[in-house]
Structures are given as structure tokens and as C-alpha cells.
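Enquirer:
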Amino acid sequence: MVTCFALLLQNRAQELADYEKLPDQVRNSVEGLRRDGFEEPSPLFRCLVAEPTDGCGQGDGPALIGFALCYMTYSTWKGRALYMEDLYVMPQYRGKGVGSQLLAAVAEMCLSLGCCHLQFSVLDWNSPAISFYHSRGAKDLTQAEGWHMFRVLPEDLHQMISARPKPGTTEP
0 MVTCFALLLQ
10 NRAQELADYE
20 KLPDQVRNSV
30 EGLRRDGFEE
40 PSPLFRCLVA
50 EPTDGCGQGD
60 GPALIGFALC
70 YMTYSTWKGR
80 ALYMEDLYVM
90 PQYRGKGVGS
100 QLLAAVAEMC
110 LSLGCCHLQF
120 SVLDWNSPAI
130 SFYHSRGAKD
140 LTQAEGWHMF
150 RVLPEDLHQM
160 ISARPKPGTT
170 EP
């Protein structure tokens, strides 16, 4: 059952990547999702799911029409925080309250875990998502506080390591 769920989750994640115009970016596997979310002694993520209430299923297995994937993070200034990596609802279920229900469940989880805030990213062209989050009280930190999010890929991590100053030297 866990493998079936991980497969459904991967399928929805690929749909999200397709929607976000990043179809070739999904590199995680069903095995990776299963291991990291369901087999670790301390799972690396939490996943809330939405199933259809209209009686429609997705083949022989359980249906998964949407999901919110989150993980704990930490702020040295404020303490525990929750990061929402993805919130996705299949197109035919959008506008029916599924996304709002998932987001409310994430908010409840955030508060129950004693988190100082919920944080997430949205692509700048995704105006439907930006409007959705704004209408529910989310603040765009790039606009409000000037924060920018950065990512460092493995090849750049290697470059960082090799560029590390030797002990006793100063940086240029």
C-alpha cells in the first residue's frame, strides 16, 4: 500500500512539475519517496492528501486528487517552522475547495507542531497560486521584506568546497 501511495504521489508531483513548466526537474523516485517519507525512523517529510468525494477513483488503487508536502525547518530567530514544498490539486478538482482544505490542514499542522510560521515558494508567473495564497493571508516576503531564496546545486556545492580558504589564510 505504501508503494502504491508513493507512486500516486510521484504521479501528482510530475503533474505539478508539468504545470510549473519544469517537467524534466522531477528526479525523485517512488523508492525515494517511500524511503524518505514512510520508512525512515524520522520521516523527512509529512504529506497530507485529498481523495475524491465524488466516487471517482483512479484505477484499482486509492485515488489521490491533491496533496501538500511539508517538512520541518528552523529559524534561529524564532524557532520551529514548517516549509510547504508543494501544494497541488488536479485541474479538474480546482475551484472546489480542495486546495483550501489542504492549506487549512497544513495550517493546523503548523500550529499543532508549535511552529512560528509556515513558509513556501511560488513561481513569479503563477498568478492563480499567488492570488490564492494572498487571499488567505500569506505575505510575499520578496515584496514585503526583500528576502530572496537561493538554491545551490551539487556541482556548485563542489565548487564551494574546493574554493574554501585554507586554514590561516584570509578571503580575498
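Take 0 as the starting number for the sequence shown in numbering that gives the first Met the number 0 and just add one per residue. Glycine included, C-beta positions come from ideal geometry on N, C-alpha and C. This structure is a prediction, so every number in the text was calculated from the model and none was measured.
#1: Considering only residues of the same chain and omitting the five flanking positions on each side of Ser130, which have a CB-CB separation below 8 Å?
#2: Please report the distance separating the alpha-carbon of Thr75 from that of Leu112.
#3: Assuming Cys114 contacts Leu81 (C-beta within less than 8 Å), just tell me the rounded distance between them.
#4: Taking contact to mean at least 3 C-beta pairs separated by less than 8 Å, is the stretch 60-73 in contact with the stretch 37-45?
#5: On the DSSP bridge assignment, give the partners of Ser74 in chain order.
#6: Secondary structure at Glu170, three-state DSSP: helix, strand or coil?
#7: So Arg34 packs on Thr2, CB below 8 Å; how close in whole Å?
#8: Alpha carbons only, please: which of Asp85, Arg79, Gly78 and Lys77 is nearest the one belonging to Gly65?
#9: So who's on the other strand from Gly65, going by DSSP bridges?
#10: Please list, in chain order, all residues of the same chain as Met159 whose beta carbon is under 8 Å from its beta carbon, the five residues on each side excluded.
#11: Quick one: is Arg26 buried, meaning 16 or more other Cβ sit within 10 Å of its Cβ, or exposed?
#12: Could you check how far apart the C-beta atoms of Met89 and Glu14 are, in whole angstroms? I think they sit under 8 Å.
#13: Do Leu122 and Val105 have their CB atoms nearer than 8 Å?
#14: What's the C-alpha gap between Met148 and Trp124?
#15: In this structure, how does DSSP classify Leu21 when only helix, strand and coil are distinguished?
#16: If Val29 and Leu63 are in contact, beta carbons under 8 Å, what's the gap, nearest whole angstrom?
Expert: The short version:
#1: none
#2: 17 Å
#3: 5 Å
#4: yes
#5: Gly78
#6: coil
#7: Contact flag wrong, Cβ pair sits at about 11 Å.
#8: Asp85
#9: Ala49 and Val88
#10: Val151
#11: exposed
#12: 7 Å
#13: no
#14: 16 Å
#15: coil
#16: Going by Cβ atoms, the distance from Val29 to Leu63 rounds to 13 Å, so no, they are not a contact pair.
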